[in-house]
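Colleague: Can you keep this structure in mind? I'll have questions shortly.
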Amino acid sequence: MTRCVDVAIVGGGIAGSTLAIVLGRAGVKVAIVERAGVFRDRVRGEALMPWGTALARELGVLDALAASSCHPLPIWQTYLDREPREPYDWRPDVPTGDGLWGVSHPGLQEVLLRRAIDSGATVLRPAKALRRTRGGAGRIVVPVQCDLGQTEIRARLVVAADGAESGARTWIGAKTVRDPVHQFIGGCLIDDVDLDPDAAHVGYVAGGSAMMFRQASGKARAYLVARPETAQSMRGPAVAPALIAACARALPEGALRRARAVGPAAFFPGADIFADRIAGGGVVLIGDAAGANDPTQGQGLSLVFKDVRELSQLLLSTDDWQTAIAEFARLRPRWYEPLRAHAMWEAPLVTGIGAAADAARERVARAKELNPLRGGYGTIHALGPDHLPVTEEARRHYLGEDLVELGLATTFGQ
Numbered sequence: 007m008t009r010c011v012d013v014a015i016v017g018g019g020i021a022g023s024t025l026a027i028v029l030g031r032a033g034v035k036v037a038i039v040e041r042a043g044v045f046r047d048r049v050r051g052e053a054l055m056p057w058g059t060a061l062a063r064e065l066g067v068l069d070a071l072a073a074s075s076c077h078p079l080p081i082w083q084t085y086l087d088r089e090p091r092e093p094y095d096w097r098p099d100v101p102t103g104d105g106l107w108g109v110s111h112p113g114l115q116e117v118l119l120r121r122a123i124d125s126g127a128t129v130l131r132p133a134k135a136l137r138r139t140r141g142g143a144g145r146i147v148v149p150v151q152c153d154l155g156q157t158e159i160r161a162r163l164v165v166a167a168d169g170a171e172s173g174a175r176t177w178i179g180a181k182t183v184r185d186p187v188h189q190f191i192g193g194c195l196i197d198d199v200d201l202d203p204d205a206a207h208v209g210y211v212a213g214g215s216a217m218m219f220r221q222a223s224g225k226a227r228a229y230l231v232a233r234p235e236t237a238q239s240m241r242g243p244a245v246a247p248a249l250i251a252a253c254a255r256a257l258p259e260g261a262l263r264r265a266r267a268v269g270p271a272a273f274f275p276g277a278d279i280f281a282d283r284i285a286g287g288g289v290v291l292i293g294d295a296a297g298a299n300d301p302t303q304g305q306g307l308s309l310v311f312k313d314v315r316e317l318s319q320l321l322l323s324t325d326d327w328q329t330a331i332a333e334f335a336r337l338r339p340r341w342y343e344p345l346r347a348h349a350m351w352e353a354p355l356v357t358g359i360g361a362a363a364d365a366a367r368e369r370v371a372r373a374k375e376l377n378p379l380r381g382g383y384g385t386i387h388a389l390g391p392d393h394l395p396v397t398e399e400a401r402r403h404y405l406g407e408d409l410v411e412l413g414l415a416t417t418f419g420q
């Protein structure tokens, strides 16, 4: 059986389903190929930053958060040596008044995929898109393997939203690029956390940090950002209790005394993974398939909604979709590269140890005190990466290396 549509989307996760919803509302015929029969809990980014929340609102999918066990976390509570510091409320600094959300990734995936169907999308699931070939009349043919055999989709455009290890990259001859790894991030879904459920919690210790993002179910996603050797020491069957114990040492006494793992635990490299090209031959990559930001920064979901907004606006503004995807590929570095640069600047500050690392953190703290914006990078989690320059001057300003009062600073971590 052949299905003829306007857009074939490979991957029915948050990126693919949200794009299908937006295009479907505009009358675009969409088919989604999703590999997973059921979305299961895995370790991944489950924080939606305020700028991403604002984008979800603009795209008309904000209500899907509350419908999928996501939970608003308006307060950012940090700890140093287990002692609480001044809490920060995101909302006054965000023009839309939006805050951070703790996200149930599989829950949000299911809700958005159902809404994509309600918006008119055809969904093949579980199914695998095998390749991309050229058909007649300007159509692209995507053979699809389903439980009942092989079918095919004929579309004007293929959007690959199949994740950081995207197989569709090879369809356009793209190579996968991996930035150097400075740190690792481990995660686990846990229950019985004794911390304020309406705040995100971040505790700093020597060589890393621990983060807690509560979900509406009462469970919380725990993350540990650690040096590579620390992460390596926790690998094995006891990774979950080791991760919880390490997180507990960064948070107030007793906060995790009853905590227990209720999902898988694993560590992943804290580095960007991206394609060296993201459009060509009637195919365009979005979300993690185009470029996944270092997961320690928690910007991945916000980046997804940014990609969906920009690509959908381009597609709906013209009938020349090949020009539209070429323009998307040209523009995406404007919001992706600042996120990538910021992650590389931040990594040594979080996991660095020793006198040079301490001095660098002191310098950054002073720069933040004097100018919280620091060229816009100081508010990147609240307001996003738009219009931020990726320059040596911007790096030095963000890190406080241009502070005359502290003299000439070292370029720690560079």
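End of the sequence shown = 420 in the working numbering, gap-free, step of one. Note that CB positions come from ideal geometry on N, CA and C, so glycine has one too.
Three-state secondary structure (DSSP) at HIS393?
Modeller: coil
Colleague: Please go through the stretch 177–265 and give each complete beta strand (DSSP E) segment of 3 or more residues, from N-terminal end onward.
Modeller: Whole beta strand (DSSP E) segments, 3+ residues: 182–184, 190–197, 205–211, 214–220, 226–232.
Colleague: Under the three-state reduction of DSSP, which class applies to GLN156: helix, strand or coil?
Modeller: strand
Colleague: Could you tell me how far apart the beta carbons of ALA167 and GLY293 are, in whole angstroms, since I believe they sit closer than 8 Å?
Modeller: 5 Å
Colleague: Could you tell me how far apart the beta carbons of VAL165 and VAL67 are, in whole angstroms, since I believe they sit closer than 8 Å?
Modeller: Not quite, the Cβ-Cβ distance comes to about 17 Å (not below 8 Å), so this is no contact.
Colleague: Which of the three DSSP states, helix, strand or coil, is assigned to ARG162?
Modeller: strand
Colleague: My output table needs one value for ASP326: the three-state DSSP class, helix, strand or coil.
Modeller: The DSSP-derived three-state label of ASP326 is coil.
Colleague: Hey, which unbroken runs of the alpha helix (DSSP H) at 4 residues or more fall wholly within the stretch 274–361?
Modeller: List check, alpha helix (DSSP H) in window: 306–322, 327–337, 339–357.
Colleague: Please report the residue range of the beta strand (DSSP E) in which GLY108 lies.
Modeller: 106–108
Colleague: Applying the 10 Å Cβ sphere with the 16-neighbour rule, what's the burial state of ASP313?
Modeller: buried
Colleague: Identify, in the order they occur along the chain, each residue of the same chain with its Cβ nearer than 7 Å to the Cβ of GLU316, setting aside the five sequence neighbours on each side.
Modeller: PHE334, LEU337
Colleague: Closer than 7 Å by C-beta to PHE190: which residues in its own chain qualify, once you throw out the five before and the five after it? Chain order, please.
Modeller: For PHE190, where only same-chain residues beyond five positions count, the Cβ hits under 7 Å are ALA232, PRO234, ALA237, PHE273, PHE274, PRO275, GLY276.
Colleague: Within its chain, find whatever has a CB closer than 7 Å to the CB of PRO391; leave out the 5 residues flanking it on each side and keep chain order.
Modeller: TRP341, PRO344, LEU345
Colleague: Taking the C-alpha atoms as reference points, what is the distance between ALA353 and ALA26?
Modeller: 35 Å
Colleague: Between the beta-carbon of ALA271 and the beta-carbon of GLY193, is there less than 8 Å?
Modeller: yes
Colleague: Measure from the alpha carbon of VAL431 to the alpha carbon of each residue in TRP327, TYR210, GLY304, HIS111, then state which is nearest.
Modeller: Coverage of the chain is limited to positions 7 through 420, which leaves residue 431 absent and any answer about it impossible.
Colleague: To which residues does DSSP link TRP82 through a beta bridge?
Modeller: Paired residue(s): TYR94, ALA206.
Colleague: Using CA atoms only, rank isn't needed, just tell me which of PRO78, GLY179, ASP185, ARG121 is closest to MET218.
Modeller: If you compare the alpha carbons of PRO78, GLY179, ASP185, ARG121 with that of MET218, the shortest gap goes to PRO78.
Colleague: Closest to ARG184 by CA distance: which of LEU71, ALA170, SER23 is it?
Modeller: Of the residues LEU71, ALA170, SER23, the one whose Cα lies closest to the Cα of ARG184 is ALA170.
Colleague: Find the nearest neighbour of LEU376 within the set HIS393, HIS403, ILE359, judged by alpha-carbon distance.
Modeller: The shortest Cα separation from LEU376 among HIS393, HIS403, ILE359 belongs to HIS403.
Colleague: Under a three-way DSSP split, which group does PRO101 fall into?
Modeller: coil
Colleague: Taking the alpha helix (DSSP H) that ASP12 belongs to, which residues open and close that run?
Modeller: From DSSP, ASP12 is part of no alpha helix (DSSP H) but of the beta strand (DSSP E) over 8–16.
Colleague: Could you tell me the boundaries of the alpha helix (DSSP H) in which LEU409 lies?
Modeller: Here LEU409 belongs to no alpha helix (DSSP H), and DSSP marks it neither H nor E.
Colleague: Check whether the stretch 95–104 and the stretch 52–62 are in contact - that is, three or more C-beta pairs closer than 8 Å.
Modeller: yes
Colleague: Of the residues SER215, GLY287, ALA248, which one's Cα is nearest the Cα of VAL148?
Modeller: GLY287
Colleague: Under 8 Å: do the stretch 7–21 and the stretch 34–52 share three or more Cβ pairs, one atom per stretch?
Modeller: yes
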